[in-house]
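Residue numbers (my numbering): 653 to 1012. Note that beta-carbon positions come from the ideal geometry of N, C-alpha and C, so glycine has one too. Predicted, not measured: the structure shown is a model, and the values here were computed from it.
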Amino acid sequence: MQGTCPPESAQLPLSDGPDQMSHFVKDDGINLLRIPTSWQFLVNGQLGGDIDASKFSEYDQLVQSCLDTGAYCMIDIHNFARWDGQIIGQGGPTDEQFASFWAQLAGKYATNDKVIFELMNEPHDLDIDLWAQTCQTVVTAIREAGAISQKILLPGTNFASAETLVSSGSVDALINIINPDGSTDNLFLDIHKYLDDDNSGTHAECSTDNVDSFTILALYLRSKGRKGFISETGASSDASCLSAFCDQNSFINANSDAFTGLVAWGAGSFSTSYILSLTPTNQNGRLVDNTLMTQCVLGTWNEGHSNNGTIPTHTSSSTSSSSSAAAASSSSTATSSRATATTTISGASTFAGLSHAKQE
């Protein structure tokens, strides 16, 4: 959680990554895969340096495998708003260094509007007003790099928790971020939430369905004419979660005017024994989803939605939309963002899962 991600600890791309992606998209109807990486990995550990061609090539293998399925592909910089423990724009790397990095990365995908930019995974313990200034600098740099049509997710503090996005002042700070043309088109609030008692995603038992938290957030987003995207949520396969996780996701899908979609953590190289696993098992050459995936991710979507594969666009003039999405995220790292220590989360070793969008 300190953004310490030495490039040498990265894993190579998992051998069945493209197969899992194809399964999620072709078999399950998923239309979004989230692909975490780290700032250190892509610049080979050189703060302020250019993106390393070799490292980018490794990450881009996964992005291209994702794009080949026809799905949207979310690029997630998994650094917790830090570089080796130092907060970006608050005594650590400068806003300009972070913006330069994102401008380089966004420029590589500027012609593909199926790539989504998640500026940062789970910022925490920082000044939200200064962080909003950092995000504004980055959004401007991305758009000026030619990536004018891509969706950008803006994360708040406290690990982007749905429970505190309003009370922490994150929503109020982030909704002031604009594109260079003055609009807020394709700028979404980034939202995370887990269901265990400390919101860590490390416990088997689910103690909440988060409906109260998402109700407050939905009402506030509506009042501001904005939309959010749940880019990470997850649960175990404990009986308590099969109820709570399904209820949470049903609520999110039913409130699609406030929430564009959800991404569920995690599959990829995660073992099927991992507490939050959505990794499919290989049964006689066929990938098969677990019960949590079929009931609480796919099932809650299919209960009441049709899917045309398109994630809706937010425009400044629109305050609501009939569109909705659901997504499963996968990662090959041994730890999620709630863990006390992280390994390098590199595109060479991670990818993420599923999203549907309702036809408008």
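Where are the alpha helix (DSSP H) runs, 4 residues long or more, that stay fully inside the stretch 664-699, in chain order? DSSP runs (the alpha helix (DSSP H)) wholly in the stretch 664-699: 669-674 and 691-694.
What separation, rounded to the nearest whole angstrom, lies between the Cα atoms of G741 and S752? As a working mapping, residue 741 is identified with position 89 in the sequence shown. As a working mapping, residue 752 is identified with position 100 in the sequence shown. Straight-line Cα distance between these residues: approximately 13 Å.
Given a cut-off of 8 Å on the beta-carbon distance, is the pair L805 and L869 in contact? Here the question's residue 805 lines up with position 153 in the sequence shown. Here the question's residue 869 lines up with position 217 in the sequence shown. L805 places its beta carbon 8 Å or farther from that of L869.
Give me the residue from L950, H966, L782 and W783 with the minimum Cα distance to G681. The residue given as residue 681 occupies position 29 in the sequence shown. For G681, the nearest C-alpha among the options comes from L950.
Buried or exposed by the 16-neighbour rule on C-beta atoms within 10 Å, applied to G913: Here the question's residue 913 lines up with position 261 in the sequence shown. Per the 10 Å Cβ criterion, buried.
Spell out the partners DSSP gives Q935 in its beta bridges. Along the sequence shown, read from residue 1 onward, the residue named residue 935 stands at position 283. Note: Q935 sits in a beta bridge opposite R938.
Would you say the stretch 709-727 touches the stretch 670-687, given that touching needs at least three Cβ pairs under 8 Å? Segments in contact, yes.
Exposed unless 16 or more other CB atoms sit within 10 angstroms - verdict on V940: In the sequence shown, the residue the question calls residue 940 occupies position 288. It is exposed - the Cβ of V940 has fewer than 16 other Cβ atoms within 10 Å.
Please say whether E857 and S895 have beta carbons closer to each other than 8 Å? For the purposes of this step, residue 895 is identified with residue 243 of the sequence shown, where counting begins at 1. For the purposes of this step, residue 857 is identified with residue 205 of the sequence shown, where counting begins at 1. For the pair S895 and E857, the CB atoms are not nearer than the 8 Å cut-off.
Alpha-carbon to alpha-carbon, Q935 and R795: In the sequence shown, counting from the first residue as 1, residue 795 sits at position 143. In the sequence shown, counting from the first residue as 1, residue 935 sits at position 283. A straight-line Cα-Cα distance of about 45 Å links R795 and Q935.
DSSP three-state label for P807, please. Counting from one through the sequence shown, the residue named residue 807 turns up at place 155. Strand.
Cut-off 6 Å between Cβ atoms - residues of its own chain near R878, not counting five sequence neighbours on either side: As a first step, residue 878 is located in the sequence shown; it is residue number 226 there, counting from the start. Only I827 meet the Cβ criterion.
Can you tell which of T809, I843 and R734 has the C-alpha that lies nearest to the C-alpha of Q692? To locate residue 692, count along the sequence shown from 1; it is residue 40. Minimum Cα distance to Q692 is reached at R734.
Do M772 and I739 have their C-beta atoms within less than 8 Å of each other? Residue numbering aside, residue 772 sits at position 120 when the sequence shown is read from its first letter. Residue numbering aside, residue 739 sits at position 87 when the sequence shown is read from its first letter. Contact flag unset, no.
So, is R938 buried or exposed, given that buried needs 16 or more other C-beta atoms within 10 angstroms? Locating residue 938 in the sequence shown gives position 286, counting from the first residue. It is exposed - the Cβ of R938 has fewer than 16 other Cβ atoms within 10 Å.
Quick check on the DSSP output: the alpha helix (DSSP H) that includes T912 runs from which residue to which? Here residue 912 refers to the residue found at position 260 of the sequence shown. If you look at T912, you'll find it isn't in any alpha helix (DSSP H); it sits in the beta strand (DSSP E) that goes F911 to W917.
Cα-Cα separation between I927 and D861, rounded to whole angstroms: Counting from 1 along the sequence shown, the entry for residue 927 is found at position 275. Counting from 1 along the sequence shown, the entry for residue 861 is found at position 209. Straight-line Cα distance between these residues: approximately 18 Å.
Smallest Cα separation from A919: which of S908, T933, A906 and D909? Walking along the sequence shown from the start, residue 919 turns up at place 267. A check of alpha carbon separations from A919 across S908, T933, A906 and D909 identifies T933 as the nearest.
Around the C-beta of G999, are 16 or more other C-beta atoms found within 10 angstroms, so that it is buried, or is it exposed? For the purposes of this step, residue 999 is taken as residue 347 along the sequence shown, with counting starting at 1. Any reading at G999 must be qualified, since the residue scores a pLDDT of 25, below 50, and its modelled position is unreliable; no value is offered.
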